[in-house]
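The structure under discussion appears below in the form of structure tokens.
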Amino acid sequence: MTQAYLDHVNATLSGIAADGMMKQERMITSPQSGEITVGGRQVINLCANNYLGLADHPDLIAAARDAMDPKGFGMASVRFICGTQDIHRELEQKLAAFLGKDDSILFAACFDANGGLFEPLFGPEDAIVSDSLNHASIIDGIRLCKAKRYRYANSDMDDLEGQLKLAREEGARFIMIATDGVFSMDGYLAKLPEITKLAEKYEALVMVDDCHATGFMGPKGEGTPAHFGVDVDILTGTLGKALGGAIGGYIAGPQPVIDLLRQRARPYLFSNSLPPSIVMAGIKALELVEEGDDRRTQLFENAKYWREGLTNLGFDLLPGEHPIIPVMLGEAQLAQDMAARLFEEGVYVSGFFFPVVPRGQARIRTQMNAALTRDELDRALEAFKVAGKACGVLS
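Take the numbering used here: the final residue in the sequence shown is number 504, and no numbers are missing along the way.
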């Protein structure tokens, strides 16, 4: 590698640091949980996607461990060559039944699921209409296919209808509306009742990425469509958040769609199968979720208590009903400084800033967890009070 190119890369890194946007990683030396050990210190974790507190659940750990003796450590192959075990199909069928779909297909991550979804299903005669705040994996997946691309302002139903009209006027054969079920930086829910009505009016399909909803939103945790009482055509999601917090993604939908994806989805065809330990833990996670009304109740009680506590302290929050509760700070450096001070006070959070969120909308995204106790929440609120005053956020 030439020195000129390395100088270019170092200059880019220096610019990121100068703008206060350099991301830092802290080493966790404990399991993921409501409280974790970082640098020898015990801190309250408010920034994991561990919504139901299952990441260190003993039943999942046992299921993962018990899978290895009969099923092995890894598959050393992709699915269609020699990488499919009976447990892979068992998990796919259980996911499909849980989500009310014909079938599902597993991927290494939901990023891969979204990356592999669009290209096999749509060609240049088709159109995809995408929410402007969709996850990067949806954006990248759409870029990989040849369909015409249309974009509508976040949750703006008038703009969505305008784009659907335009796609129809321009002769689209098939149209798909693509949206997050929950917009993860804000905690806002997609307007699925309105979206599905517009889809029916314009004969469009609807795809929802439900990563931040599966397991705890809606009856039995079936996700945002169930929360709103509507049906959508295709759901994508992850095992890496509420369903145990490991890795693995999926697409669930009609049987012919899943069958075609098995034949054509490139991340599925060219990536190793999920290891048996992850698959068996995923099956156990689904069992816990289906029996987990008490965990869901606790999660939303914690979210309500936390939101009210931060509001009473005087923080600027985005409104919402989801366990993602962003504390708005504005500038990237302030978000970094606030996160650092909170760590000093025993709370683990991360600052979010451009390019993850728009410039000027930096924030600390807090996320609730069913495993957090009232004492932990009270200690975290006191830490926010101290850090907020120290950083000039609170008077």
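All residues carry an ideal CB built from backbone N, CA and C; glycine is no exception. The structure presented is a predicted model; accordingly, all values stated were derived computationally and were not measured.
- When only Cα atoms are considered, Phe231 and Ile247 end up about 14 Å apart.
- The C-alpha of Thr111 is placed about 42 Å away from the C-alpha of Thr475.
- When the beta-carbon positions are compared, Lys210 and Ala361 come within less than 8 Å of each other.
- Contact between the region 184 to 193 and the region 340 to 359 is not established, with fewer than three Cβ pairs separated by less than 8 Å.
- By the C-beta density criterion, Arg375 is exposed, having fewer than 16 other C-beta atoms within 10 angstroms.
- Taking C-alpha positions only, Lys413 is separated from Pro432 by approximately 8 Å.
- Between the region 412 to 428 and the region 448 to 458, the count of C-beta pairs closer than 8 Å stays below three; the two stretches do not touch.
- Inclusion of Pro385 and Lys180 in the CB contact set at 8 Å is warranted, their separation being smaller than that value.
- With contacts defined as CB atoms closer than 8 Å, Leu273 and Ala313 qualify as a contacting pair.
- According to DSSP, residue pairing for Asp289 in a beta bridge involves Asp318.
- Restricting attention to Leu426, Arg488, Asn154, Asp235, the CA atom closest to the CA of Met294 is found in Leu426.
- Restricting attention to Ala126, Ala113, Met130, the CA atom closest to the CA of Gly439 is found in Met130.
- Beta-bridge partners of Thr345 (DSSP): Asp318, Ile360.
- Pairwise C-beta distances place the region 307 to 323 out of contact with the region 189 to 201, as fewer than three of them are shorter than 8 Å.
- A Cβ-Cβ separation of about 3 Å places Gly324 in contact with Ala351 under the 8 Å criterion.
- For the region 366 to 445, the continuous alpha helix (DSSP H) assignments of 4+ residues that do not extend past its boundaries occur at 375 to 378, 385 to 399, 402 to 422, in sequence order.
- Contact check for Ala222 and Tyr114: beta-carbon distance about 34 Å, past the 8 Å limit, so the pair fails to qualify.
- The beta carbon of Glu234 lies closer than 6 Å to those of Arg282 in the same chain, with the five residues before and after it left out.
- Sixteen is the threshold: since fewer than 16 other Cβ atoms of the shown chains lie within 10 Å of the Cβ of Val118, the residue is exposed.
- The three-state secondary structure of Phe461, taken from DSSP, is strand.
- Between the region 390 to 408 and the region 241 to 260 there are fewer than three C-beta pairs closer than 8 Å, too few to call the two in contact.
- For Ala441 against Phe462, the beta-carbon gap comes to about 4 Å, under 8 Å, which counts as contact.
- Around the beta carbon of Lys255, fewer than 16 other beta carbons lie within 10 angstroms, which makes this residue exposed.
- Looking at Arg373, Met326, Ile125, Phe227, the one whose alpha-carbon comes closest to that of Met285 is Phe227.
- By DSSP's assignment, Phe216 forms a beta bridge with Gly358.
- Taking 8 Å as the upper bound for CB-CB distance, Met389 and Asp175 are in contact here, some 7 Å apart.
- Straight-line measurement puts the Cα of Gly290 at about 22 Å from the Cα of Leu397.
- Closest in alpha carbon position to Asn478, among Thr146, Gly162, Glu144, Gly148, is Gly162.
- Taking 4 residues as the minimum length, the alpha helix (DSSP H) runs contained wholly in the region 237 to 290 are 245 to 253, 266 to 278, in order along the chain.
- Under the criterion of beta carbons closer than 8 Å, Leu215 and Gly357 qualify as touching, at roughly 6 Å.
- Taking Gly501 as reference, the option from Asp212, Arg450, Pro467, Asn158 with the minimal CA-CA separation is Arg450.
- When the five nearest sequence neighbours on each side are left out, the beta carbons in the same chain lying within less than 7 Å of the beta carbon of Leu169 are those of Leu163, Gly353, Ala390, Lys393, Ala394, in order along the chain.
- Beyond the five residues adjoining it in sequence on each side, Ala205 comes within less than 7 Å, by CB distance, of Asp211, Asp212, Ser213, Ala361 in the same chain, given in chain order.
- Pairing Asp403 with Arg416, the inter-Cα distance amounts to about 20 Å.
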